[in-house]
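Shown next, in structure tokens, is the structure this report addresses.
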Amino acid sequence: KQEVTQIPAALSVPEGENLVLNCSFTDSAIYNLQWFRQDPGKGLTSLLLIQSSQREQTSGRLNASLDKSSGRSTLYIAASQPGDSATYLCAVIRGAQKLVFGQGTRLTINP
Amino acid sequence: EPEVTQTPSHQVTQMGQEVILRCVPISNHLYFYWYRQILGQKVEFLVSFYNNEISEKSEIFDDQFSVERPDGSNFTLKIRSTKLEDSAMYFCASSEQGMAQHFGDGTRLSIL
Numbered sequence: 524k525q526e527v528t529q530i531p532a533a534l535s536v537p538e539g540e541n542l543v544l545n546c547s548f549t550d551s552a553i554y555n556l557q558w559f560r561q562d563p564g565k566g567l568t569s570l571l572l573i574q575s576s577q578r579e580q581t582s583g584r585l586n587a588s589l590d591k592s593s594g595r596s597t598l599y600i601a602a603s604q605p606g607d608s609a610t611y612l613c614a615v616i617r618g619a620q621k622l623v624f625g626q627g628t629r630l631t632i633n634p
Numbered sequence: 018e019p020e021v022t023q024t025p026s027h028q029v030t031q032m033g034q035e036v037i038l039r040c041v042p043i044s045n046h047l048y049f050y051w052y053r054q055i056l057g058q059k060v061e062f063l064v065s066f067y068n069n070e071i072s073e074k075s076e077i078f079d080d081q082f083s084v085e086r087p088d089g090s091n092f093t094l095k096i097r098s099t100k101l102e103d104s105a106m107y108f109c110a111s112s113e114q115g116m117a118q119h120f121g122d123g124t125r126l127s128i129l
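So the protein sequences, as listed, match chains A and B.
Count the first sequence with my numbering and you get residues 524 to 634, in order.
Count the second sequence with my numbering and you get residues 18 to 129, in order.
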């Protein structure tokens, strides 16, 4: 059974810092990995999708990497801003497009 | 930018009653999903739907649950006889094949 773990559970950093969020998964036979952000009481906003043949994806200040052999992904956020404060979720896909989610990292950027 | 829309945003129902949650997926997407998130817990997969049939379902998705695409735009989740433990945020999502899943803002279901 696929398990997804995100470390740390919470992170608080001053504005302007670069930071890395970690995601690990137990079964490396995944199709894709997707990163989301979730604001309190809101839905999930898709940030990046890394397909199994790719090693990384970039969107603006965000960069996500994928190492299937070690069962790890990282989300790098450059020059963090208070608006980046949210919970960040990673999810892996295997089978009929079923997403398996981690618990999330709650990120706070302090002005 | 196209988005997934869900209605209602909040549903309060008495235990044992039927509830229908509604979703309008992104128009050119062919794969549809329901997930739920109990307060403070992980987002959990319920069911995926393609070509008018269920592709995969979790153990949570028992006989009390059903999904339907009644027309070309709506996708619904029905819970026949709600239980207290069905209280959660329910998310609808849609995607193209092999592409990112896009989620709606969710329906908060409260069972009294």
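Just so you know, even glycine gets a beta-carbon here, dropped at the ideal spot from N, CA and C.
Where DSSP assigns a beta bridge to residue i, which residues make up the other side?
i: arginine 629 of chain A; result: A:Ala533 and A:Thr610
i: alanine 105 of chain B; result: B:Leu126
i: arginine 53 of chain B; result: B:Glu61 and B:Tyr107
i: histidine 119 of chain B; result: B:Ser111
i: glutamine 28 of chain B; result: B:Leu126
i: glutamine 580 of chain A; result: A:Ala587
i: threonine 93 of chain B; result: B:Arg39 and B:Glu85
i: serine 569 of chain A; result: A:Phe559
i: threonine 528 of chain A; result: A:Ser547
i: valine 464 of chain A; result: Shown here, chain A extends from 524 to 634; a query on residue 464 of chain A therefore has no answer.
i: threonine 22 of chain B; result: B:Val41
i: leucine 47 of chain B; result: According to DSSP, which records beta bridges pairwise, leucine 47 of chain B is partnered with nothing at all.
Name the two residues that bound the continuous beta strand (DSSP E) containing residue i.
i: phenylalanine 82 of chain B; result: 82-85
i: isoleucine 553 of chain A; result: Taken as a continuous stretch (DSSP letters only), isoleucine 553 of chain A belongs to no beta strand (DSSP E), as it is neither H nor E.
i: isoleucine 600 of chain A; result: 595-600
i: leucine 622 of chain A; result: 621-624
i: glutamate 73 of chain B; result: 70-74
Measuring straight from C-alpha to C-alpha, what distance separates residue i and residue j?
i: leucine 94 of chain B; j: leucine 542 of chain A; result: 39 Å
i: leucine 570 of chain A; j: phenylalanine 559 of chain A; result: 5 Å
i: histidine 27 of chain B; j: glycine 625 of chain A; result: 25 Å
i: isoleucine 553 of chain A; j: glutamine 574 of chain A; result: 9 Å
i: methionine 106 of chain B; j: phenylalanine 49 of chain B; result: 17 Å
i: glutamine 561 of chain A; j: glutamine 54 of chain B; result: 12 Å
i: serine 656 of chain A; j: leucine 630 of chain A; result: Lying outside 524 to 634, the shown extent of chain A, residue 656 of chain A is not represented and no answer is given.
i: glutamine 577 of chain A; j: serine 127 of chain B; result: 41 Å
i: serine 582 of chain A; j: tyrosine 599 of chain A; result: 11 Å
i: lysine 74 of chain B; j: cysteine 109 of chain B; result: 14 Å
i: phenylalanine 66 of chain B; j: cysteine 613 of chain A; result: 22 Å
i: proline 25 of chain B; j: proline 19 of chain B; result: 19 Å
i: lysine 621 of chain A; j: phenylalanine 62 of chain B; result: 7 Å
i: alanine 587 of chain A; j: glutamine 557 of chain A; result: 9 Å
i: leucine 4 of chain B; j: serine 44 of chain B; result: Absent from the model: residue 4 of chain B. The displayed extent of chain B is 18 to 129, so no value can be given.
i: threonine 528 of chain A; j: glutamine 31 of chain B; result: 35 Å
i: valine 21 of chain B; j: isoleucine 616 of chain A; result: 20 Å
i: arginine 595 of chain A; j: glutamine 525 of chain A; result: 13 Å
i: alanine 532 of chain A; j: serine 592 of chain A; result: 24 Å
i: glycine 606 of chain A; j: valine 29 of chain B; result: 32 Å
i: leucine 129 of chain B; j: valine 60 of chain B; result: 22 Å
Can you say whether residue i is buried or exposed, counting buried as having 16 or more other CB atoms within 10 angstroms of its CB?
i: glutamine 114 of chain B; result: exposed
i: glycine 539 of chain A; result: exposed
i: alanine 609 of chain A; result: buried
i: alanine 117 of chain B; result: buried
i: glutamine 58 of chain B; result: exposed
i: threonine 99 of chain B; result: buried
i: leucine 47 of chain B; result: exposed
i: aspartate 103 of chain B; result: buried
i: threonine 124 of chain B; result: buried
i: isoleucine 96 of chain B; result: buried
i: aspartate 88 of chain B; result: exposed
Along the region 68-101 of chain B, what residues have a CB closer than 7 Å to any CB found in chain A?
Answer in chain order: Ser72 and Glu73.
Taking only beta carbons into account, state which residues of the region 581-600 of chain A come closer than 8 Å to chain B, listed in chain order.
Within the region 581-600 of chain A, no residue has a Cβ that lies closer than 8 Å to any Cβ of chain B.
Pull out every residue of the region 528-561 of chain A whose Cβ sits closer than 9 Å to any Cβ of chain B, in chain order.
Hits within the stretch, in order: Tyr554, Asn555, Gln557, Phe559 and Gln561.
Positions along the region 603-628 of chain A whose CB lies within less than 9 Å of some CB in chain B
Only those residues of the region 603-628 of chain A whose C-beta falls short of 9 Å from the nearest C-beta of chain B are listed: Leu612, Ala614, Ile616, Gly618, Ala619, Gln620, Lys621, Leu622, Val623, Phe624, Gly625, Gln626 and Gly627.
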